[in-house]
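In our numbering, the protein residues as written are 10 to 411.
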């Protein structure tokens, strides 16, 4: 059924078992030391497809993203340049290699920058601390919840992790206080937000200087080697500071999706990719993400940013994690529901939340009309909150109550 398939490489499996085809190879055998390398038969076509990755699909069916040797190489160059990676650096990589972060910044980056990668088979904060200490990890690029757990453990156990030089996080809302807390507990580490996606990896590289802490905490990073436009619903460019959809173009952009129609819908005639994210550009050349285009809550005709509400909720001392989603509302069309993970079992309800929101200054029309307390928020393997699941959950709850 697959006439072009020449070899199947197995991991942790006995490829020599009875009935195995001659084309079955064991990965362990392939990585054994060799006395000499066989030269490549022909030069690499840098424009050819190197890898096909799939989007996490939290808002719909997963798409096949095609990257060339060139686009992936340029994406990695952005990180190597922005973070000053060199021989001697050791990257801790808890993200799966099926995700663009794990593949690009875990596998490929090591070959380009001469740094090493220490992979975690699964995320566990205790294992992560031990691993960082054992391999003297100097950097990490991963999802927000991983940094959150690392900081909380460091606060509890008075840890410093002196080898850690930087932690770049993204993929989920990054509370500003998480960045400043990381700087307090890790004396040698700079934490910052970065922004990108499978189709357009590492659009920003973050702010690493101590004097840039405010930018590291409140923006999603400095644009690096990308052409970025902010446009309105008609595709017209907006002024600096105005919120609109983020369009990007650059040498690290994907070739396209597996289906040509999907590519035409995502990349315009000028070569700009529509990220589906809403945000603006600051005078410092940084991007600030305010929401996902499909994550906006339309309450009585007014667009409400779920991200803005989450940032406020994350300031509450008792709230560990927050995810805000739209819920059905008979009169307004959509209402605001907040799923919360609390730090302890102390009583917390709507009255306590409303007092906090009043003091925060958040406009009342943005206050959640409903809260759901959970032990954890369901996430994808790459650390993104499954908001599609949360929307369905609150929809079902409201239906059962009516």
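Backbone N, C-alpha and C define an ideal beta-carbon position, used for all residues, glycine too.
Figure out for me which residue from the options has the closest Cα to the Cα of residue i.
i, options, result
"residue 156", "132, 206, 333 and 145", "132"
"residue 59", "178, 136 and 83", "83"
"residue 217", "202, 207, 209 and 206", "202"
"residue 298", "231, 335, 280 and 338", "231"
"residue 260", "237, 364 and 249", "237"
"residue 38", "96, 18, 269 and 134", "18"
"residue 393", "174, 53 and 105", "105"
"residue 357", "369, 374 and 322", "322"
"residue 99", "108, 107 and 114", "114"
"residue 379", "369, 278, 368 and 338", "338"
"residue 328", "353, 311 and 312", "353"
"residue 162", "36, 151, 136 and 143", "136"
"residue 254", "290, 273, 219 and 270", "290"
Between the alpha carbons of residue i and residue j, how many angstroms are there, rounded?
i, j, result
"residue 50", "residue 34", "21 Å"
"residue 102", "residue 341", "44 Å"
"residue 20", "residue 125", "21 Å"
"residue 414", "residue 292", "Because the chain here runs from 10 to 411, residue 414 falls outside it and cannot be looked at."
"residue 256", "residue 88", "20 Å"
"residue 176", "residue 148", "6 Å"
"residue 276", "residue 242", "15 Å"
"residue 63", "residue 402", "25 Å"
"residue 61", "residue 76", "6 Å"
"residue 212", "residue 235", "6 Å"
"residue 191", "residue 130", "24 Å"
"residue 195", "residue 244", "43 Å"
"residue 247", "residue 239", "6 Å"
"residue 3", "residue 324", "Residue numbering for the chain in the displayed model covers 10 to 411; residue 3 lies beyond these limits and cannot be assessed."
"residue 383", "residue 178", "24 Å"
"residue 183", "residue 400", "21 Å"
"residue 15", "residue 57", "19 Å"
"residue 55", "residue 233", "21 Å"
"residue 296", "residue 333", "22 Å"
"residue 364", "residue 134", "33 Å"
"residue 374", "residue 367", "12 Å"
"residue 301", "residue 47", "48 Å"
"residue 159", "residue 119", "24 Å"
"residue 68", "residue 41", "Only weak support exists for where residue 68 lies, its pLDDT of 45 falling under 50; the value from the coordinates is given anyway. Each residue's alpha carbon lies about 42 Å from the other."
"residue 220", "residue 193", "14 Å"
"residue 326", "residue 53", "54 Å"
Taking 8 Å as the threshold (C-beta atoms), are residue j and residue i in contact?
i, j, result
"residue 252", "residue 288", "yes"
"residue 187", "residue 138", "no"
"residue 347", "residue 318", "yes"
"residue 263", "residue 145", "no"
"residue 343", "residue 386", "no"
"residue 121", "residue 172", "no"
"residue 404", "residue 395", "no"
"residue 185", "residue 227", "yes"
"residue 345", "residue 306", "yes"
"residue 73", "residue 285", "no"
"residue 391", "residue 180", "yes"
"residue 407", "residue 336", "yes"
"residue 165", "residue 197", "no"
"residue 208", "residue 112", "no"
"residue 215", "residue 223", "no"
"residue 294", "residue 258", "no"
"residue 150", "residue 110", "yes"
"residue 96", "residue 123", "yes"
Can you give me the start and stop residues for the alpha helix (DSSP H) that residue i sits inside?
i, result
"residue 140", "134-144"
"residue 407", "396-410"
"residue 119", "118-122"
"residue 364", "359-369"
Looking at the secondary structure, which residues open and close the beta strand (DSSP E) in which residue i lies?
i, result
"residue 52", "Residue 52 -> no beta strand (DSSP E), and no H or E assigned at all."
"residue 148", "148-152"
"residue 77", "73-77"
"residue 334", "328-338"
"residue 312", "311-313"
"residue 128", "125-128"
"residue 427", "Since the first residue shown for the chain is 10 and the last is 411, residue 427 is missing from the structure and cannot be characterised."
"residue 307", "306-308"
"residue 34", "33-35"
"residue 4", "The requested residue 4 is not part of the displayed model; the chain covers only 10 to 411."
"residue 343", "342-351"
"residue 99", "99-102"
"residue 17", "17-19"
"residue 299", "296-301"
"residue 58", "58-63"
Chain D beta carbons: is any one of them nearer than 8 Å to that of residue i?
i, result
"residue 366", "Looking at the structure shown, chain D is missing, and only one protein chain is on hand."
Beta strand (DSSP E) runs wholly inside the stretch 224-283, at least 3 long, in chain order: Counting only runs of 3 or more, we get 236-240 and 253-258.
Runs of beta strand (DSSP E) lying entirely within the stretch 140-221, each at least 3 residues, in chain order: Counting only runs of 3 or more, we get 148-152, 175-179 and 199-202.
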